[in-house]
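First up is the structure itself, then whatever we jot down about it.
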Amino acid sequence: MRYTTVLFDLDGTLTRSEKGITRCALYAAEKMGLSGYTEEQFRSFIGPPLFASFKRVCGMDDAQAEQAIAHYRERYNAVGYAENEVYTGIPALLRSLKKNGCKVAMATAKPQAFAERIAQMFGLAPYLDALVGPGFDNKHESKAHIVRRAMDALGGTAVMVGDRCYDIDGGKANGIDTIGVCYGYGSRQELAQAGATHIAGTVEELTEILLGGAPRARGVLISMEGMDGCGKTTQREALVAHLMQLGWDVRCTREPGGDGIAEKIRALVLDPENEGMFDETEAYLYAAARAQNVRAVIRPALMRGRAVVCDRFVDSSVAYQGGGRALGAEAVAALNALAVGDTLPDVTIYLRMPPERALSRRLSASEPDRLEREQSGFFERTYRTYEARFDGMARVAAVDASQSIEEVTRDMLRAVDARLGELTL
Ligand code: TYD
């Protein structure tokens, strides 16, 4: 690979931050007694230093601009920093860079303390070997100086990646190559005029420039488990939205199911008419559907660096067929070994809820399918098997699913973030 150290600008390069920035600028202008502005008029605040922007867009003098910045920071500190999302494909790119031994830094004109919070909140921090931004005592530090500090911290053959001419200038001033990305806030023309060494129109193109033929990191497999009625579907939606905000390209699948063939097996296994189905037949059908899903859906998506969210996976078979049907946890795990091979979840969200509670919620929601018609002993055994299997398992994030929807979501996302952070190291 051409570059062993990659320095990334933040806004417009790693994250799309217009909402936070434009809303805070509008808030500051209004606090300064200026009315009649719209968020749209503050779009040009993205990138250049705030001080210059307030003077240019609002006609402020130095003292007013300083005061406006204080108002801006007040809102930014409270809510603005969270009005942000990571560009799709960035976590996959950062993981691939780490896989190939590259050093990665964030080199931003945003105050370092804010940049650190964003890096934490949006899952970027675990990938960063350095994070360099102006301190509050050196607010107007130039991009060239920031880039220099990041280079000094990491060494290697560095490249600066950014979306504005300031980033390109900052790299050039230090004699290093630069990559201009035009999916952010600067145009291709701006970046070409500034003399960027390469220009990338998309995150994919950026990945190609940085990695070329080098191997890419595998994506992550996240499974969701719990008793019928534990609220899995609602929480899955929240999880997917969160992962997307973190820049993951998400592929959802469910078991039994996945592609057309696996869905046919699903219909067969859940059909209430199939009363004569033996427990062993059922266990093999779930495993067969899983073998299909793993090869047709999950592995191809992981190869492309995507986050796969799988609604139930092998642990469901161990709990329901191994425990509920009393075929034995080990026997069912063994039966599934050929189906899954080495494709195991990186994170398993276990929405923990006692069976009576889960069942009463489930039965009031819709017509029961074949499995849901089982007697309570079946669910009790299923629950106990889940509990025993998951006890102390590193990949499992157990969440108390008896709480309110918001509390479950909060606990779940916290646990997922922690686990994703560990996986990168
Ligand atoms: P699920 O799709 O989660 O249920 P729903 O969409 O109705 O909420 O799961 C369907 C049923 O299949 C559920 O009762 C659990 C059962 N199941 C097993 O018994 N073994 C397995 O391996 C899997 C994947 C599911």
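All letters in the sequence shown, in the order written, are residues 123 to 547 by the working numbering.
The beta carbon of each residue, even a glycine, is placed where N, CA and C say it ideally should be.
With a threshold of 8 angstroms (Cβ to nearest heavy atom), would residue i be considered close to ligand 1?
i: residue 264; result: no
i: residue 442; result: yes
i: residue 446; result: yes
i: residue 392; result: yes
i: residue 400; result: no
i: residue 355; result: yes
i: residue 484; result: yes
i: residue 512; result: no
i: residue 378; result: yes
i: residue 416; result: no
i: residue 521; result: no
i: residue 338; result: no
i: residue 404; result: yes
i: residue 508; result: no
i: residue 434; result: yes
i: residue 438; result: yes
i: residue 412; result: yes
i: residue 350; result: yes
i: residue 381; result: no
i: residue 491; result: yes
i: residue 505; result: no
i: residue 408; result: yes
Thinking C-beta only, is residue j closer than 9 angstroms to residue i?
i: residue 290; j: residue 322; result: no
i: residue 352; j: residue 228; result: no
i: residue 342; j: residue 521; result: no
i: residue 209; j: residue 137; result: yes
i: residue 534; j: residue 360; result: yes
i: residue 131; j: residue 282; result: yes
i: residue 346; j: residue 431; result: yes
i: residue 404; j: residue 434; result: no
i: residue 427; j: residue 247; result: no
Here's the rule I'm using: 16 or more other beta-carbon atoms within 10 Å means buried, otherwise exposed. How should residue i be labelled?
i: residue 124; result: exposed
i: residue 335; result: exposed
i: residue 201; result: exposed
i: residue 425; result: exposed
i: residue 528; result: exposed
i: residue 139; result: buried
i: residue 460; result: exposed
i: residue 233; result: buried
i: residue 296; result: buried
i: residue 363; result: exposed
i: residue 185; result: exposed
Query raised in the report: What are the uninterrupted segments assigned as beta strand (DSSP E) that are 3 or more residues long and contained completely in the segment 407-448, given in chain order?
Result: 429-433
Query raised in the report: Can you list the alpha helix (DSSP H) stretches of 4 or more residues lying completely in the segment 333-378, in chain order?
Result: 354-367
Requested in this report: Please list the segments of the alpha helix (DSSP H) lying wholly inside the segment 206-248, counting only runs of 4 or more residues, in order along the chain.
Outcome: 212-221 and 234-243
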